[in-house]
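One structure is given here, and the rest of the page talks about it.
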Amino acid sequence: MDRKEILSELKKVLAPYTESKEMLAGINEETDLIKDLKINSANLVDIIIDAEAQYNIEIDFDAAEKMYNVGNCIDVISEKINKTA
């Protein structure tokens, strides 16, 4: 799965948690989950749980701490997918 495919699936994971659907449509690797998408920090745990289910991976605490913008989310997900492949 390449970065573009991960981004496409990640949009689906983020959709229920973001107030700005316009911002969601235009996300890129620099998009900040809290500042740009207005996702509240409590929902980040839900996003990580949903991402684990979506990609059939386990995200540990250290990796979860890095998931504050879209690019870092893609990095973590890609790394975990490649470990299970």
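If you read the sequence shown in UniProt numbering, its first letter stands for residue 1, the second for the next number, and so on.
Note that CB positions come from ideal geometry on N, CA and C, so glycine has one too.
Asked                                                                                       : Found
Cβ-Cβ separation, I74 to L14 (assumed contact under 8 Å), whole Å                           : Rounded, the Cβ-Cβ distance is 12 Å, inconsistent with contact.
Extent of the continuous alpha helix (DSSP H) to which S20 belongs                          : It is not in any alpha helix (DSSP H) - S20 carries neither H nor E in the DSSP assignment.
Endpoints, the alpha helix (DSSP H) within which A15 is located                             : Here A15 belongs to no alpha helix (DSSP H), and DSSP marks it neither H nor E.
C-beta atoms of Y68 and I47 nearer than 8 Å                                                 : no
Touch test, the region 56-71 against the region 22-36, Cβ-Cβ under 8 Å, three pairs minimum : yes
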